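Novice: Top to bottom, those sequences are chains A and B.
For the record, in the first sequence the residue sitting at position 234 is 232 according to the numbering used here, with numbers rising by one throughout.
For the record, in the second sequence the residue sitting at position 238 is 236 according to the numbering used here, with numbers rising by one throughout.
Structure incoming, see below.
2 protein chains.
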Amino acid sequence: MKSLFRKREGEVSPSDMSTFGNFARQFAEIRAFIDRGIEAFCGESSPLVPPRLRDSMAYSLLAGGKRLRPALCLKGAELFGIEGERAFPLALSFEMIHTASLIHDDLPAMDDDVLRRGKATNHVLFGEATAILAGDALMALAFEYPLRELPEKGIAPERICSALSLLASALGPSGICGGQVLDMDGELLSEETPWRIARQKTAVLLSAAVTTGAILGGADEGAQASLRAYGNHLGTAFQIVDDILDVTSTAEELGKTPGKDAAQKKKTFVAVYGMEKALSLASEQTALAVTALENLPGDTAFFSGLADYLTERTF
Amino acid sequence: MKSLFRKREGEVSPSDMSTFGNFARQFAEIRAFIDRGIEAFCGESSPLVPPRLRDSMAYSLLAGGKRLRPALCLKGAELFGIEGERAFPLALSFEMIHTASLIHDDLPAMDDDVLRRGKATNHVLFGEATAILAGDALMALAFEYPLRELPEKGIAPERICSALSLLASALGPSGICGGQVLDMDGELLSEETPWRIARQKTAVLLSAAVTTGAILGGADEGAQASLRAYGNHLGTAFQIVDDILDVTSTAEELGKTPGKDAAQKKKTFVAVYGMEKALSLASEQTALAVTALENLPGDTAFFSGLADYLTERTF
């Protein structure tokens, strides 16, 4: 894996390696846990769900991806004493909402993309109408599933309400739905645009994922604020790196069509600030994410490891 | 208003008239209350919501309609002692979900309709991409708004969870999202098709609206079952009448393009059973809806009045 950040090249010490090895192991474990959970979920079936709708939802849910949002949710819950099994219904909600937003973003009327995670996009395979409804159904399931499962796992109703309130606002018109409109419009002033798009299109959901996990475990206001700040900086760094990779990567590396931002004249960090400045902004946001962890209780090594990993990624 | 049901012609007694007058007044009052609430809601605005998205959502929310789902929700709540102001955030959720589903159903990839409630459909005015996102955002708001507002109005979190769980499952893959797939596919055996479409596309949301209202007021299992049954029969009758009106009405009367069901070879009640039988099935379902009210406490005259009103409607 080649690093995007030259200042880091050749600077990996043995202790860094062991820290990274530890993070990499934890991340692989939690991704495997999430993948098993998603497979089990997709195997369940109600006779009321039309087979084509079920197949279309399962296709996109099982298409892979980093499982970043559910991992953040599970680790946020773990930090406050809620083990994976109990937090899983909420963690899955974030993957369902993320998947729904990708299905809709890829539609011909939106970004018109035929390739996602190296596979045909949902509407290419199932048709536009089913893809629209699969996205809608996944959004509904993102509420239906935790509202059915979390009470049975003994999570207090006021924590469920509080967590789902944050989830809903991260999805809604001031969250990723609004972010996607901004991304398509590009009508704002150029300096503000990439920050606001990063915040509303990406950071808001990462931030909600880690914070709601902690809410299930009864995190207080201070801890919630720290995790929100962590998620916002992490998400902004993530979006900056995405903008960079859209310029520097091949379709094979990326699993989706590269170069689309420039072709669509999108106001990305690279377009607004240039490549050099975008790289340093990504480092800065990553450092701010790690700093936000300082006042949290317990072991936050996974979260700082994730911040480093995401800025170093090449996909 | 000409009646669809010949057996009723000339049979209206003075006491019927006064019962209907009473229902008509109550329905007009509650619709005015809902309309005022929706206008106030659309007037609120977060700076994070892009103006075009806000305008697109407000356009469809304010486009009129019978406000049937929020009225059912408010009346269900009232039956169990929750006044309109306190139940309104949940009632509005049902109108938001209904509106979102109409926006998406009208898209070119779905029913491709340019006229709804006598006005241009959302995508005709705002473009497909914004229409898709306005639908998504309204679905998210349908959870965000009650999750924010209901706790502040002193509704217990376990009742909020229980009500939203039913709302979410009415929207999801075994609810109206699944119903729309069935409606487009028409792959089922013909006798079962219209019943299942009526149930999943229409009845499930009417049933959830009235039942969740009652849940806010602490209705027991028995009362919930009665209201679910009422809503299911009411919704089925409503769909049968819709199928009939698609054949018998003009665009002006209907506010949308008539004759589309036949043009799209949809398996409606009229297509499967013929007009005569469809009319008698609508009467039958209306009678079953009224019967389901028998064991409920309090004054259920509004609900029986609504059942009669909906089968007699010409729009």
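C-beta atoms are modelled at their ideal positions from N, C-alpha and C, and glycine is treated no differently.
Keep in mind the model is a prediction, meaning the values are calculated, not measured.
If we cut at 8 Å on Cβ distances, does Asp297 of chain A have a partner in chain B?
Specialist: Taking the first residue of the first sequence as position 1, residue 297 of chain A is located at position 299. For Asp297 of chain A, the answer is no, since every Cβ of chain B falls outside 8 Å of its Cβ.
Novice: Alpha carbon to alpha carbon, what distance is there between Leu70 of chain A and Arg4 of chain A?
Specialist: Here residue 4 of chain A refers to the residue found at position 6 when the first sequence is read from its first residue. Here residue 70 of chain A refers to the residue found at position 72 when the first sequence is read from its first residue. Note that Arg4 of chain A scores a pLDDT of 42, beneath 50, so its modelled location is shaky and nothing firm can be said.
Novice: Per DSSP, what kind of secondary structure is Arg157 of chain A in: helix, strand or coil?
Specialist: Position 159 of the first sequence, counted from the first residue, corresponds to residue 157 of chain A. In the structure shown, Arg157 of chain A sits in a helix (DSSP, three-state: H, G or I).
Novice: So, Gly74 of chain A versus Ala212 of chain A, is the Cβ gap smaller than 8 Å?
Specialist: Within the first sequence, the letter at position 76 stands for residue 74 of chain A. Within the first sequence, the letter at position 214 stands for residue 212 of chain A. Contact: yes.
Novice: Report yes or no: do three or more beta-carbon pairs, one from the stretch 136 to 150 of chain B and one from the stretch 160 to 173 of chain A, lie closer than 8 Å?
Specialist: Contact between the stretch 136 to 150 of chain B and the stretch 160 to 173 of chain A is present, because at least three Cβ pairs lie under 8 Å.
Novice: Going along chain A, which residues have a C-beta under 9 Å from Ile101 of chain B?
Specialist: What you label residue 101 of chain B is simply residue 103 of the second sequence in a count that begins at 1. The contacting residues do not exist; Ile101 of chain B stays about 10 Å from chain A at best.
Novice: Can you give the Cα-Cα distance for Asp104 of chain B and Tyr271 of chain B, rounded to whole angstroms?
Specialist: What you label residue 104 of chain B is simply residue 106 of the second sequence in a count that begins at 1. What you label residue 271 of chain B is simply residue 273 of the second sequence in a count that begins at 1. Each residue's Cα considered, the two are about 26 Å apart.
Novice: With 8 Å as the C-beta to C-beta threshold (strictly closer), list the residues of the stretch 82 to 94 of chain B near chain A in chain order.
Specialist: Answer set for the stretch 82 to 94 of chain B: empty.
Novice: Taking beta-carbon pairs under 7 Å, can you tell me which members of the stretch 242 to 268 of chain B lie near chain A?
Specialist: Answer set for the stretch 242 to 268 of chain B: empty.
Novice: Cβ closer than 7 Å: which chain B residues qualify as neighbours of Gly170 of chain A?
Specialist: Locating residue 170 of chain A in the first sequence gives position 172, where the first residue counts as 1. Within 7 Å Cβ-Cβ: Ala135, Ala138, Leu139 and Glu142.
Novice: Please report the distance separating the alpha-carbon of Lys0 of chain B from that of Leu180 of chain B.
Specialist: Numbered from its first residue, the second sequence carries residue 0 of chain B at position 2. Numbered from its first residue, the second sequence carries residue 180 of chain B at position 182. Note that Lys0 of chain B scores 41 on pLDDT, short of 50, meaning its location in the model is unreliable; the coordinates nonetheless yield the value given after this. Rounded to whole angstroms, Lys0 of chain B to Leu180 of chain B spans 32 Å at the Cα level.
Novice: Can you pull the DSSP bridge partners for Lys264 of chain A?
Specialist: Taking the first residue of the first sequence as 1, we reach residue 264 of chain A at position 266. Paired residue(s): none; Lys264 of chain A is not in a bridge.
Novice: Work out the CA separation of Lys263 of chain B and Arg84 of chain A for me, nearest whole Å.
Specialist: For the purposes of this step, residue 84 of chain A is identified with residue 86 of the first sequence, where counting begins at 1. For the purposes of this step, residue 263 of chain B is identified with residue 265 of the second sequence, where counting begins at 1. Computed Cα separation, rounded: 47 Å.
Novice: My parser needs the alpha helix (DSSP H) runs of 4 or more residues fully inside the stretch 24 to 109 of chain A; what are they?
Specialist: Whole alpha helix (DSSP H) segments, 4+ residues: 49 to 59, 66 to 77 and 82 to 103.
Novice: If you reduce the DSSP assignment to three classes, tell me which class Ala217 of chain B lands in.
Specialist: The residue labelled residue 217 of chain B in the question sits at position 219 within the second sequence. It is coil, neither helix nor strand.
Novice: Checking contacts by CB at 8 Å: is Gln237 of chain A closer than that to chain B?
Specialist: For the purposes of this step, residue 237 of chain A is identified with residue 239 of the first sequence, where counting begins at 1. It does not: the Cβ of Gln237 of chain A has no partner Cβ on chain B nearer than 8 Å.
Novice: In this structure, does DSSP put Leu291 of chain A in helix, strand or coil?
Specialist: Here residue 291 of chain A refers to the residue found at position 293 when the first sequence is read from its first residue. Three-state DSSP puts Leu291 of chain A in coil, outside helix and strand.
Novice: Helix or strand or just coil, what does DSSP make of Lys318 of chain A?
Specialist: With chain A represented from -1 up to 313, any question about residue 318 of chain A goes unanswered, as that position is not in the structure.
Novice: Taking only beta carbons into account, state which residues of the stretch 28 to 61 of chain B come closer than 8 Å to chain A, listed in chain order.
Specialist: Within the stretch 28 to 61 of chain B, the qualifying residues are Ser44, Leu46, Val47, Pro48, Arg50, Leu51, Arg52 and Met55.
Novice: Expressed to the nearest angstrom, what Euclidean distance is found between the alpha-carbon atoms of Arg65 of chain A and Thr119 of chain A?
Specialist: Translated into the one-based positions of the first sequence, residue 65 of chain A becomes position 67. Translated into the one-based positions of the first sequence, residue 119 of chain A becomes position 121. Distance between the alpha carbons of Arg65 of chain A and Thr119 of chain A: 18 Å.
Novice: Is there contact here, the stretch 87 to 95 of chain B with the stretch 123 to 133 of chain B, by at least three beta-carbon pairs under 8 Å?
Specialist: No, the stretch 87 to 95 of chain B does not touch the stretch 123 to 133 of chain B.
Novice: Can you tell me whether DSSP reads Arg146 of chain A as helix, strand or coil?
Specialist: Counting from one through the first sequence, the residue named residue 146 of chain A turns up at place 148. Helix, per DSSP.
Novice: Taking 7 Å as the limit between beta carbons, can you name the residues of its chain near Phe78 of chain B, skipping five residues before and five after?
Specialist: What you label residue 78 of chain B is simply residue 80 of the second sequence in a count that begins at 1. If we look at Phe78 of chain B and ignore the five residues flanking it on each side, its Cβ neighbours are Ala212, Gly215, Gly216 and Ala217.
Novice: If Gly176 of chain A and Pro48 of chain B are in contact, beta carbons under 8 Å, what's the gap, nearest whole angstrom?
Specialist: Locating residue 176 of chain A in the first sequence gives position 178, counting from the first residue. Locating residue 48 of chain B in the second sequence gives position 50, counting from the first residue. With 8 Å as the limit, Gly176 of chain A and Pro48 of chain B qualify as a contact, their Cβ atoms being about 5 Å apart.
Novice: Can you have a look at Arg197 of chain A and say buried or exposed, based on whether 16 or more other CB atoms are within 10 angstroms of its CB?
Specialist: Here residue 197 of chain A refers to the residue found at position 199 when the first sequence is read from its first residue. By the neighbour-count rule (16 or more Cβ atoms within 10 Å), Arg197 of chain A is buried.
Novice: To the nearest angstrom, report how far apart Asp297 of chain B and Thr209 of chain B are at their CA atoms.
Specialist: In the second sequence, counting from the first residue as 1, residue 297 of chain B sits at position 299. In the second sequence, counting from the first residue as 1, residue 209 of chain B sits at position 211. Straight-line Cα distance between these residues: approximately 16 Å.
Novice: When you compare the CB positions of Arg114 of chain A and Leu204 of chain A, do they come within less than 8 Å of one another, or not?
Specialist: Here residue 114 of chain A refers to the residue found at position 116 of the first sequence. Here residue 204 of chain A refers to the residue found at position 206 of the first sequence. Their beta carbons are not under 8 Å apart, which means Arg114 of chain A does not touch Leu204 of chain A by this criterion.
Novice: Per DSSP, what kind of secondary structure is Arg197 of chain A in: helix, strand or coil?
Specialist: The count along the first sequence starts at 1 and reaches residue 197 of chain A at position 199. Helix.
Novice: Does Arg311 of chain A come out as helix, strand or coil in the three-state DSSP assignment?
Specialist: Within the first sequence, the letter at position 313 stands for residue 311 of chain A. If DSSP states are grouped into helix, strand and coil, Arg311 of chain A belongs with coil.
Novice: Are the beta-carbon atoms belonging to Leu145 of chain B and Ser224 of chain B less than 8 Å from one another?
Specialist: Along the second sequence, one-based indexing puts residue 145 of chain B at 147. Along the second sequence, one-based indexing puts residue 224 of chain B at 226. Not closer than 8 Å, so no.
Novice: Taking the alpha-carbon positions, what's the Ala299 of chain A to Gly152 of chain A distance?
Specialist: By one-based count along the first sequence, residue 299 of chain A stands at place 301. By one-based count along the first sequence, residue 152 of chain A stands at place 154. Ala299 of chain A and Gly152 of chain A: Cα-Cα distance of roughly 28 Å.
Novice: What's the C-alpha gap between Ala201 of chain A and Ile238 of chain A?
Specialist: Translated into positions along the first sequence, residue 201 of chain A becomes position 203. Translated into positions along the first sequence, residue 238 of chain A becomes position 240. So the alpha carbons of these two residues sit roughly 11 Å apart.
Novice: If you draw a straight line from the C-alpha of Pro106 of chain B to the C-alpha of His102 of chain A, how long is it?
Specialist: For this step, residue 106 of chain B is matched to residue 108 along the second sequence. For this step, residue 102 of chain A is matched to residue 104 along the first sequence. Distance between the alpha carbons of Pro106 of chain B and His102 of chain A is about 15 Å.
Novice: What residues from chain B crowd round Glu156 of chain A, counting only those whose CB sits closer than 7 Å?
Specialist: Working through the first sequence from its first residue, we reach residue 156 of chain A at position 158. Result: Pro155.
Novice: Can you find a CB in chain A that lies within less than 8 Å of the CB of Ala107 of chain B?
Specialist: Translated into positions along the second sequence, residue 107 of chain B becomes position 109. Yes - at least one Cβ of chain A is within 8 Å of the one on Ala107 of chain B.
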